[in-house]
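2 protein chains.
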Amino acid sequence: MLETVPRSKLRDVVADRLKAFIVEGNLKSGDRLPTETELATKFGVSRLSLREATKSLEFLGIVEAKPGRGLTVGSVNMERVTEYLGFHPALHDVSPEELIDTRVLIETGVLPHVARRMKRDDTLYVKLNAINADLRHARSLARWVELDIDFHRELICASGLSPLMAFTDVLAVFFQRFRESVKKAEWSQGIDSHQFILDKLKSGRVREADQELRTHIESHRERMELH
Amino acid sequence: MLETVPRSKLRDVVADRLKAFIVEGNLKSGDRLPTETELATKFGVSRLSLREATKSLEFLGIVEAKPGRGLTVGSVNMERVTEYLGFHPALHDVSPEELIDTRVLIETGVLPHVARRMKRDDTLYVKLNAINADLRHARSLARWVELDIDFHRELICASGLSPLMAFTDVLAVFFQRFRESVKKAEWSQGIDSHQFILDKLKSGRVREADQELRTHIESHRERMELH
DNA sequence: GATGCTTAGATTATCAGACAATCTATTTCA
DNA sequence: TGAAATAGATTGTCTGATAATCTAAGCATC
Chain A
68 MLETVPRSKL RDVVADRLKA FIVEGNLKSG DRLPTETELA TKFGVSRLSL REATKSLEFL
128 GIVEAKPGRG LTVGSVNMER VTEYLGFHPA LHDVSPEELI DTRVLIETGV LPHVARRMKR
188 DDTLYVKLNA INADLRHARS LARWVELDID FHRELICASG LSPLMAFTDV LAVFFQRFRE
248 SVKKAEWSQG IDSHQFILDK LKSGRVREAD QELRTHIESH RERMELH
Chain B
68 MLETVPRSKL RDVVADRLKA FIVEGNLKSG DRLPTETELA TKFGVSRLSL REATKSLEFL
128 GIVEAKPGRG LTVGSVNMER VTEYLGFHPA LHDVSPEELI DTRVLIETGV LPHVARRMKR
188 DDTLYVKLNA INADLRHARS LARWVELDID FHRELICASG LSPLMAFTDV LAVFFQRFRE
248 SVKKAEWSQG IDSHQFILDK LKSGRVREAD QELRTHIESH RERMELH
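Top to bottom, those sequences are chains A and B. Anchor point for the first sequence: position 25 equals 92 in this note's numbering, and the numbering is continuous, going up by one each time. Anchor point for the second sequence: position 14 equals 81 in this note's numbering, and the numbering is continuous, going up by one each time.
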């Protein structure tokens, strides 16, 4: 009984093929694509069906279309994605445990790289330190969460591993869910934790930084239990 | 000069209004929406324009459409989002070193979780083992690469950390970039490496599996030097 | 020769109407 | 009563056409 049989909708197939076309052609942002009519005949579908595929991709920012100019390759519009993902209550599909484990994995994994780059580039420490300083003066909860996300994002950026940057945006969406579990009482504790991690990294004590960061993130786990 | 002036495209407006319709009506997953014709007249656009909006939202899983049944509110399709995350600007022009470092970080970071889940779920080992078995009988280089990607993808999936699924696209980029460095000569070596990692994971020896996987991935680094 | 304007072509944006495919609900028959 | 056939509703896809918009070539002017 294949009730949930994936009735291969035409536009999904076309979207896949178009995506493959971009990847295989190694096309970069701004590169021109064939016209709608050409792509339609190439894929063997009507222009309308092709449009439904391109419009879906355009909604994500993956392709851009302008009259008179044609289709060009774009890049994922994260604002658009988070806007439509954030409003939806169904975001709770991913368990808090998964989110925490993922954060621990990525952020602790990044530490050795950060420490290594800190030795040659002082600005990394300065930048992270500045965010933590701002954190001390945050008045509202919203501002605090914003800066907290910034800190962890910059920590990942400091590793120099740009592929991980793609994750930070998606993770940021998930982090919003922990907003509720952040109490004013824990502000100072979190700031001290950040500072401890920074200073240990600067002096090359990766293991101690790792231990602290792990505790810092997993502290959310207990708070989630209460709900 | 506003070249990037946001010419309010019709479907974006419609998508916004549809989103507002869902929010204001406090509609939940599975709730029915008006038909395409009704929504089209309600918003004062043609059915086709409305479709372009709904299809965009459907691409993200926010609405679902079935012939004969109509439109319903869906749940966000996270896989779809992460699947197309490969087009994130951060993934453009990454150096081979970064790709290797990122792979090592993610894949070794995943190992403890995989080992833990393997204890309770035998199918994980079976599935990975089956892929590796297929790998032995791969005739063409293309087929070999495909299965190799499958293996590493399933390794990540076996961790149960769904946010990391986005990484599969990074894998695709990696193998695309390193296609040249994969020679038939290394086939058997890679298969043995996979098998070693699997067996160590099954017996809970995470550290040994970690060491082997690290070497396995970083072997590409030396080969790149030659070019 | 260089510069600015005009025009023609190309391409997407939007529309209208039609038929096919598929699901739901009713009706019909045993 | 229960199952099968039927009718209606709804989305999926197609064809064709017109409007809006951009690009580039051509032209005139200086």
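Where a beta carbon is used, it is the ideal one built from N, C-alpha and C, also for glycine.
Residue i (DSSP reduced to helix, strand or coil)
i: Arg206 of chain A; result: coil
i: Ala225 of chain A; result: coil
i: Arg220 of chain B; result: helix
i: Gly257 of chain A; result: helix
i: Val161 of chain B; result: coil
i: Val112 of chain A; result: coil
i: Leu138 of chain B; result: strand
i: Val130 of chain B; result: strand
i: Gln278 of chain A; result: helix
i: Arg272 of chain A; result: coil
i: Ser286 of chain A; result: helix
Residue i and residue j closer than 8 Å at C-beta
i: Leu85 of chain A; j: Ala120 of chain A; result: yes
i: Gln228 of chain A; j: Glu285 of chain B; result: Before going on, a small fix: residue 228 of chain A reads as Leu here, not Gln. No, Cβ-Cβ distance for Leu228 of chain A and Glu285 of chain B is not below 8 Å.
i: Val143 of chain A; j: Phe154 of chain B; result: yes
i: His287 of chain B; j: Ile198 of chain B; result: no
i: Arg114 of chain B; j: Ala107 of chain B; result: yes
i: Thr102 of chain A; j: Gly137 of chain A; result: yes
i: Ser260 of chain A; j: Glu279 of chain A; result: yes
i: Thr177 of chain A; j: Leu94 of chain A; result: Per the sequence presented here, residue 177 of chain A reads as Val, with Thr not at that position. Cβ atoms of Val177 of chain A and Leu94 of chain A: not closer than 8 Å.
i: Phe110 of chain B; j: Ser123 of chain A; result: no
i: Ala239 of chain A; j: Leu152 of chain B; result: no
i: Gly257 of chain A; j: His283 of chain A; result: yes
i: Val148 of chain A; j: Val130 of chain B; result: no
i: Arg170 of chain B; j: Phe263 of chain B; result: no
Counted within 10 angstroms of its Cβ, other Cβ atoms place residue i as buried (16 or more) or exposed
i: Gly141 of chain A; result: buried
i: Ala82 of chain B; result: buried
i: His204 of chain B; result: exposed
i: Asp215 of chain A; result: buried
i: Ser207 of chain A; result: exposed
i: Glu150 of chain A; result: exposed
i: Glu70 of chain A; result: Note on Glu70 of chain A: pLDDT 29, under 50, position unreliable in the model; the coordinate value appears next. The residue is exposed, with fewer than 16 neighbouring Cβ atoms inside 10 Å.
i: Asp277 of chain B; result: buried
i: Ser226 of chain B; result: buried
i: Glu91 of chain B; result: exposed
i: Ala87 of chain B; result: exposed
i: Thr235 of chain B; result: buried
i: Thr104 of chain A; result: exposed
i: Thr190 of chain A; result: exposed
i: Asp188 of chain B; result: exposed
i: Asp160 of chain B; result: exposed
Cβ distance (whole Å) where residue i is taken to contact residue j below 8 Å
i: Thr175 of chain B; j: Arg281 of chain B; result: 6 Å
i: Tyr192 of chain A; j: Leu117 of chain A; result: Incorrect: roughly 51 Å between the Cβ atoms, too far for contact.
i: Leu222 of chain B; j: Trp211 of chain B; result: That pair is no contact at about 17 Å.
i: Met185 of chain A; j: Lys269 of chain A; result: 6 Å
i: Ser96 of chain A; j: Pro163 of chain B; result: 20 Å between Cβ atoms; not a contact.
Residue i beta carbon near the ligand MG (any heavy atom closer than 7 Å)
i: Ser96 of chain A; result: This structure simply doesn't include the ligand MG, nor any ligand for that matter.
Exercise. When Cβ atoms are compared, which residues of the stretch 176-208 of chain A fall closer than 8 Å to chain B?
Worked result: Gly176, Val177 and His180
For this session: Report the residues of the stretch 118-136 of chain A with a CB closer than 7 Å to any CB of chain B, ordered along the chain.
Result: Glu119, Lys122, Ser123, Phe126, Leu127 and Ile129
For this session: Anything in the stretch 73-94 of chain B with a Cβ closer than 7 Å to a Cβ of chain A? List those residues in chain order, please.
Result: Arg78, Lys86 and Val90
Exercise. If you measure beta-carbon to beta-carbon, which residues of the stretch 262-279 of chain A are closer than 8 Å to chain B?
Worked result: none
Problem set entry | the stretch 161-174 of chain A: positions lying closer than 8 Å to chain B by Cβ | Val161, Glu165, Leu166, Asp168, Thr169, Leu172 and Ile173
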